[in-house]
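A.B. asks:
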Amino acid sequence: MKYYSTNNPNHKVSLSEAVIKGLAPDNGLYMPKRIPVLPKELIEKMSEMSFREIGYAVIGALFSEDLSEKQIHELVDHTLTFDAPIVKVEEEVYSLELFHGPTLAFKDFGARFCSKLMSMLVGEQSQKVRVLVATSGDTGSAVANGFLGVQGVEVIILFPKGKVSPLQEMQFTTLGQNITVLEVDGVFDDCQTLVKQAFLDPDLNQKLLLTSANSINIARWIPQCLYYFYAYSRLPKAGKKVVFAVPSGNFGNIGAGILAQQMGLPIDRFVAATNVNKVVPEYLHGSPFQAKPSIPTVSNSMDVGNPSNFRRLQALYGSDEELFRENVKGYFYTDAQTVEAIQSVQPLGYTLDPHGAVGYLGLKDFISENPGYVGVFLETAHPGKFRDVVEEALGEKLVLPERLAAFLQGEKQVIPMGKSFAEFKGFLEGLD
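Position 329 of the sequence shown, counted from 1, bears residue number 332 in the numbering used here, the numbering being contiguous throughout.
Take a look at the structure:
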């Protein structure tokens, strides 16, 4: 299988190069040249298959030209060590809980897959691999914990000072070992820009082997399609059409859902639900795509004003704007609406985190406008990761899971950094 750049379809590379490089030299994102379509009979049979068995089939279809069956099984077994249950919240509304992994966020799936695949491929490299990661919260913790102790790999995480929840921050700033954390005096988009500039700098790339574990890397992005297959296989559909509502920031997660759909999964529509960083909902309502400075919100992991994966979504739809806008419906919500959703769902016996709350609102609005659907919203993180917001909304204390509370006992280790590329480049050049 070859992988092409979203900026130049004629630029094609191998799986190894796409994963190790992360970003194409023309600043494009890598995409599989061909998307395999699974037999309808296999998808129908998935209701009788385990999560791992579904994983073997889906990852096998995508990677069997480059990996052995043994490697595919190792990858899936390493990735799917925890469940992603479907939970009924109310009639026709289900939550897909993606927070049962080591850092209690959906990014555990992609990060574990990415670290395992990269360790397989790094064995072919004599040079140490430096993984650069910009995070608005959960990416940092998932990648740091996924790569912790992996031989031949050093992870450098950039996060915006004061813009990440305290618990999220402790999950990636207290680990040490091969994890280095830079506290950037700026916003997430500044962190993401620094990472992209580093990948495009010829001097740095001559000296260092740089890659990414953000969702711009196909090894982080592609495996997220697995839980869409699994959720669909467990969803009580009763003959109704299916819609998935995805709280969206950098738009990798919803892109993985669209990938699953194009592999044959019969999802009828997607809802892209955002906070007031609404550049994609505006595009979906007919405006030109226009990146904007990000705005801080209570759903901070979605505070992205220039989502990288938008180009990947365009590629999935072959740059057909009409098809894109027909298949994906966009909604955005204020902090007040987000908090109100947390409060309104609590009496139903379900606690939302701020990001799941945005997904829930998008799903409810879509179904009210389009009757006859059964819907799933993605609960992307445990509410305890955003304890301050949720406790204030509900007026009660949350009980943190033990593994989440354990992170609070660590000691924060960060290096302060400005947002100039010259300073970041100087730091990277100083690495041995």
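By construction, the Cβ of each residue, glycine as well, lies at the ideal position given by its N, Cα and C atoms.
Can you check the region 92-125 for any alpha helix (DSSP H) of at least 4 residues that lies completely inside it and give the ranges in chain order?
C.D. replies: The qualifying runs are 110-125.
A.B. asks: Please list, in chain order, all residues of the same chain as residue 292 whose beta carbon is under 7 Å from its beta carbon, the five residues on each side excluded.
C.D. replies: These residues qualify, in order along the chain: 282, 286 and 313.
A.B. asks: Grouping DSSP H, G and I as helix and E and B as strand, with all else coil, what is residue 378?
C.D. replies: Correct three-state label for residue 378: strand.
A.B. asks: Assuming contact is defined by CB atoms lying nearer than 8 Å, are residue 191 and residue 137 in contact in what I supplied?
C.D. replies: Yes.
A.B. asks: Considering only C-alpha positions, which residue in the set 264, 81 and 73 is nearest to residue 46?
C.D. replies: Of the candidates 264, 81 and 73, the one whose C-alpha sits nearest the C-alpha of residue 46 is 264.
A.B. asks: Below 8 Å, how does it come out for the region 289-309 and the region 348-364: are there three or more Cβ pairs, yes or no?
C.D. replies: As far as the Cβ criterion goes, the region 289-309 touches the region 348-364, which means the pair count is three or higher.
A.B. asks: Around the Cβ of residue 95, are there at least 16 other Cβ atoms within 10 angstroms (buried) or fewer (exposed)?
C.D. replies: Looking at its Cβ environment, which holds 16 or more other Cβ atoms inside 10 Å, residue 95 is buried.
A.B. asks: Taking residue 248 and residue 279 to be in contact with their CB atoms under 8 Å, please state how far apart those CB atoms are, rounded to whole angstroms.
C.D. replies: Not a contact, Cβ separation roughly 17 Å.
A.B. asks: Looking only at C-alpha atoms, which of 119, 149, 145 and 157 sits nearest to residue 131?
C.D. replies: When only C-alpha atoms are compared, the closest one is 157.
A.B. asks: Over the uninterrupted beta strand (DSSP E) stretch that includes residue 420, give me the two end residues.
C.D. replies: From DSSP, the beta strand (DSSP E) with residue 420 extends over 418-420.
A.B. asks: With DSSP as the reference, identify every bridge partner of residue 292, one or two as the case may be.
C.D. replies: In the DSSP output, where bridge partners are listed per residue, residue 292 has none listed.
A.B. asks: In angstroms, rounded to a whole number, what distance separates the CA positions of residue 224 and residue 260?
C.D. replies: Spanning the two alpha carbons is a distance of roughly 10 Å.
A.B. asks: Mind listing, in chain order, the continuous alpha helix (DSSP H) runs of no fewer than 4 residues lying wholly within the region 257-325?
C.D. replies: Qualifying alpha helix (DSSP H) stretches, in chain order: 282-287 and 313-319.
A.B. asks: Would you list the one or two residues that DSSP bridges to residue 477?
C.D. replies: Nothing can be reported for residue 477: it is not among the residues displayed for the chain, which extend from 4 to 435.
A.B. asks: For residue 332, name the three-state secondary structure that DSSP assigns.
C.D. replies: In this structure, residue 332 counts as strand in the three-state DSSP scheme.
A.B. asks: With contact counted as at least three CB pairs below 8 Å, one residue from each stretch, are the region 378-386 and the region 142-150 in contact?
C.D. replies: Taking 8 Å as the limit for Cβ pairs, the verdict is that the region 142-150 does not touch the region 378-386.
A.B. asks: Please say whether residue 184 and residue 416 have beta carbons closer to each other than 8 Å?
C.D. replies: Contact flag set, yes.
A.B. asks: Are residue 11 and residue 203 closer than 8 Å when you measure CB to CB?
C.D. replies: Result no, Cβ atoms of residue 11 and residue 203 do not sit closer than 8 Å.
A.B. asks: Could you compute how far the alpha carbon of residue 476 sits from the alpha carbon of residue 429?
C.D. replies: The question about residue 476 has no answer here: the residues shown for the chain are numbered 4 through 435.
A.B. asks: Identify which residue in 220, 251, 155 and 139 has its Cα closest to the Cα of residue 125.
C.D. replies: Minimum Cα distance to residue 125 is reached at 155.
A.B. asks: Considering only the alpha carbon of each residue, which of 194, 59, 366 and 317 lies closest to residue 277?
C.D. replies: Here the closest residue by C-alpha is 366.
A.B. asks: Assign residue 370 to one of three DSSP states: helix, strand, or coil.
C.D. replies: If DSSP states are grouped into helix, strand and coil, residue 370 belongs with the helices.
A.B. asks: Run through the region 34-92 for me and flag every whole alpha helix (DSSP H) of 4 or more residues, listed as ranges in chain order.
C.D. replies: Complete alpha helix (DSSP H) runs here, min 4: 43-48, 54-66 and 72-82.
A.B. asks: By the 10 Å Cβ neighbour count, where 16 or more other Cβ atoms means buried, how is residue 106 classified, buried or exposed?
C.D. replies: Buried.
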